[in-house]
Amino acid sequence: MGLLSEKKYDPAPSDFKLEQVHVYIRHGERTPWSVPMEGPPANIPRFWNACGATKRYKAAVMGENGMTDFTEIIRVNERRDGYAQEGECISGELTDSGRKSSFRVGQELRKLYIERLGFLPDVLDSHKPVYFRPLKLDNLFANVEGCGRLEELLSEFKLAATKDHNPKLEKLGPKLSKYIKGRPITVDTKPRLIAIIDTIRAANAHGVPIPPEFKDPNIFSVMESAICDVWFRGYKDEEFRRLAMGRLLAEVSEVMSARVNGMETPKIRLLACHTSLIGLCQTLGVFDNRWPKFTASVTFELFSKSAPSSSSFSLLSRKPAAKYFVRMRYQNRNMALPACAAPGDHLPGSPEFCTLAAFQEHIRTMTPEDWKKECIPKKPR
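With positions in the sequence shown counted from 1, the corresponding number in the working numbering is that position plus 13.
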């Protein structure tokens, strides 16, 4: 679990003032989308009874006296054979553990930005200081269906990465094939590599026993590196980045500019996402080639630093302009962005504090001028 932790937060310099926070949070623990290892010898179950709380609802019912009453409803999922059990999850469902860890993320955010930093009041009297974007409005991962050119690029990069990694993965066959009915371990054969990794990660997160071979870092790292490269190699390409992540980062830049210019903007933005964290990290050059943990998060913090006052300024002199810095954090670690590595593009001695100007200039180079036009496929269909 990649839970955000208030205790692991590195304070900014004392002359920095926190102005705005953008938090991108991956969902909590969930069940796997498919279970390719349900039979012996792996015996990872297909059906998980881990969703008791997620199935409980309350519905408003109008009584005979005209008064509204509430009744508790327990939703039960029925299998194809008609069997049903209370608390049983469907594929890919947020489990009770996932709800708890997601709740803890909120607790840690409160400890940090309200109790420790005093960035937000204890009780909000308005919705304006905060902004939420739930998963139902998730446009954080590149939607290839809406961008034909991006779909072309994704297919090309996935194919190239698959060819590179399949020979390495096939060498794992003697140790792992017995768990998938003797089939080879490759990116694109059934079961697909992503399904195997998804199952292992979900099982680990819920205490479900997994075969010992998958606990071997020398084995699992080969699988993990392969799937990360297959899905996210494209983000190393300029055109791919522009189409896949340019608009998201442009939104971050625009909201920061609005704050700097004195416009009324949210102080903190919380955006739920899936694997967009990898896209963000890969686009900005700080990806660690590891699949993000459940509840992992990326944070962008905007700080202002007042220019030092000078006795030479008269009473009629203008107040020295503040400088602005951006810090990116991923899984409780500060990220030094390569785009801000040059002298003058970051706070001296603290490369994780990128100047807002350098940060926005880098984003500008990745922002499509006409996204719809650039999304037009180049290959005939």
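We treat Cβ as the ideally placed atom computed from N, Cα and C, and that holds for glycine.
Note that the coordinates shown come from a computational prediction; the quantities given were computed from them, not determined experimentally.
Query: Between the stretch 131-143 and the stretch 86-106, do at least 3 Cβ pairs fall closer than 8 Å?; Result: no
Query: For ARG196, collect the residues of the same chain with a Cβ closer than 8 Å to its Cβ; drop the 5 residues on either side in sequence, then sort them by chain order.; Result: SER190, THR202, LYS203, PRO204
Query: For PHE300, count neighbouring C-beta atoms within 10 Å of its own C-beta (all shown protein chains included) and say buried if the count is 16 or more, exposed if not.; Result: buried
Query: Starting from LEU315, follow the beta strand (DSSP E) in both directions and report where the run begins and ends.; Result: 310-318
Query: Measure how close the beta-carbons of GLU387 and LEU256 come, nearest whole angstrom, since I'm counting them as under 8 Å.; Result: 6 Å
Query: Starting from LEU163, follow its DSSP beta bridges and name the residues at the other end.; Result: According to DSSP, LEU163 bridges with nothing at all.
Query: State the beta-bridge partners of MET341 as determined by DSSP.; Result: PHE313, MET348
Query: Tell me which residue opens and which closes the beta strand (DSSP E) that CYS286 is part of.; Result: 281-286
Query: Have a look at the DSSP bridge pairing and note the partners of ARG146.; Result: LEU284
Query: With a threshold of 8 Å, are at least 3 pairs of Cβ atoms found where one atom belongs to the stretch 256-271 and the other to the stretch 116-124?; Result: no
Query: Give a yes or no on whether the C-beta atoms belonging to ASN347 and ASP23 are separated by under 8 Å.; Result: yes
Query: Which residue wins for smallest C-alpha separation from LEU369, given the options GLU169, LYS20, PRO393, GLN33?; Result: GLN33
Query: According to DSSP, is VAL48 part of a helix, a strand, or is it coil?; Result: coil
Query: Below 7 Å CB to CB, which residues in the same chain sit around ARG146 once its five sequence neighbours on both sides are set aside?; Result: LEU284, ALA285
Query: Between LEU17 and LEU122, which are expected to be in contact by the criterion C-beta below 8 Å, what is the C-beta distance as a whole number of angstroms?; Result: 7 Å
Query: In the DSSP assignment, find the beta strand (DSSP E) that holds GLN33 and state where it starts and stops.; Result: 29-39
Query: In this structure, how does DSSP classify LEU360 when only helix, strand and coil are distinguished?; Result: strand
Query: By a C-beta neighbour count over all protein chains shown, 10 Å radius and 16 as the cutoff for buried, is ARG282 buried or exposed?; Result: buried
Query: For THR67, which residues from the same chain have a beta carbon less than 8 Å from its beta carbon, with the 5 sequence-adjacent residues on both sides left out?; Result: CYS102, GLU106, LEU107, THR108, ASP109, ARG112
Query: Using the three-state DSSP reduction, which class does CYS64 fall into: helix, strand or coil?; Result: coil
Query: How many Å lie between ARG39 and GLN120 at the Cα?; Result: 15 Å
Query: Residues in the same chain with beta-carbon distance under 6 Å from SER266, minus the five sequence neighbours each way, listed in chain order, please.; Result: GLN373, ILE376
Query: Mark GLY52 as exposed unless 16 or more other C-beta atoms lie within 10 angstroms of its C-beta, in which case mark it buried.; Result: exposed
Query: Are the beta-carbon atoms of GLU365 and ALA349 separated by less than 8 Å?; Result: yes
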